[in-house]
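If you're matching them up, the sequences are chains A and B in order.
With my numbering, letter number 79 in the first sequence gets 118, and the count goes up by one each step, no holes.
With my numbering, letter number 44 in the second sequence gets 40, and the count goes up by one each step, no holes.
Virtual Cβ for every residue (Gly too), placed ideally from N, Cα, C.
The structure displayed is predicted, hence computed values, not measured ones.
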Amino acid sequence: KNEVEQSPQNLTAQEGEFITINCSYSVGISALHWLQQHPGGGIVSLFMLSSGKKKHGRLIATINIQEKHSSLHITASHPRDSAVYICAAQGAQKLVFGQGTRLTINP
Amino acid sequence: NAGVTQTPKFQVLKTGQSMTLQCAQDMNHEYMSWYRQDPGMGLRLIHYSVGAGITDQGEVPNGYNVSRSTTEDFPLRLLSAAPSQTSVYFCASRRGPGVGSPLHFGNGTRLTVT
């Protein structure tokens, strides 16, 4: 079993839909990162959180430390949100990455 | 600020050749790391460094070498390339190993070993 599990692996939705991507981890962490990677592109940091909730524009990230679970939500999704979303659990020195969720938003 | 600069963007090597992937950051970050990204496997840590002169192995270090002589630079050396090292490589940095430090990634190097 991977230390960081993401679900779903693939997600296709229509423009405007509310999107949720989940991340569960089994390791102790000091922080949880959410990253975005566009096709053929680099990797961009969206959020880093250690408790509660963070919001940036249409993106919201939450974390429940007791349940070892984090979610990334996208409100009013748009085709430009199509990308791979990756969560990463940060330990004392290293990060462990999930396999990513490929999101496709159709117009 | 340039952020994290990674070169080259693309490279083709023959089996047995050696090469160095360059990574530089201008943010005075203590922590730098190298990952490889393979289909279906996510990002895997190769080597990391928590400061100049300090390096350590990650999950998949075999066949790779690193050094950290300055805060800015963290090159990754392939000693004798093998087809199994065909991958996309990313360098990343953050301010320190502790909490409160977002990741900054380079644009990646797509390496093919024939």
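DSSP-derived helix/strand/coil call for residue i
i	result
D34/B	strand
Q45/A	strand
S84/A	strand
Q13/B	coil
Q31/A	Outside the modelled stretch of chain A, which goes from 40 to 146, sits residue 31/A, for which no answer is possible.
Q81/B	helix
Q2/B	strand
M23/B	coil
A52/A	strand
A88/B	strand
G47/B	strand
For residue j and residue i, the rounded distance between their alpha carbons
i	j	result
S76/B	T108/B	13 angstroms
V62/B	H43/B	7 angstroms
P4/B	L17/B	7 angstroms
Y64/A	P146/A	33 angstroms
N58/B	T114/A	43 angstroms
H77/A	L142/A	10 angstroms
L98/A	Q129/A	21 angstroms
K10/B	T105/B	16 angstroms
G12/B	D52/B	24 angstroms
S22/A	E55/B	Beyond the ends of chain A as shown, which are 40 and 146, falls residue 22/A; an answer cannot be given.
F57/A	A127/A	22 angstroms
Nearest-angstrom Cβ-Cβ length linking residue i and residue j, presumed shorter than 8 angstroms
i	j	result
G137/A	E44/A	6 angstroms
Q21/B	G(-1)/B	7 angstroms
H112/A	T51/A	Incorrect: roughly 17 angstroms between the Cβ atoms, too far for contact.
### Task
Could you tell me which uninterrupted beta strand (DSSP E) segments, each at least 3 residues in length, are contained entirely in the stretch 108 to 133 of chain A, listed from first to last along the chain?
Counting only runs of 3 or more, we get 108 to 113 and 122 to 129.
### Query
Listed in chain order, which residues of the stretch 34 to 55 of chain B have Cβ atoms closer than 9 angstroms to some Cβ of chain A?
For the stretch 34 to 55 of chain B, residues whose beta-carbon sits nearer than 9 angstroms to a beta-carbon of chain A comprise G36, M37, G38, L39, R40, L41, Y44, V46, D52, G54 and E55.
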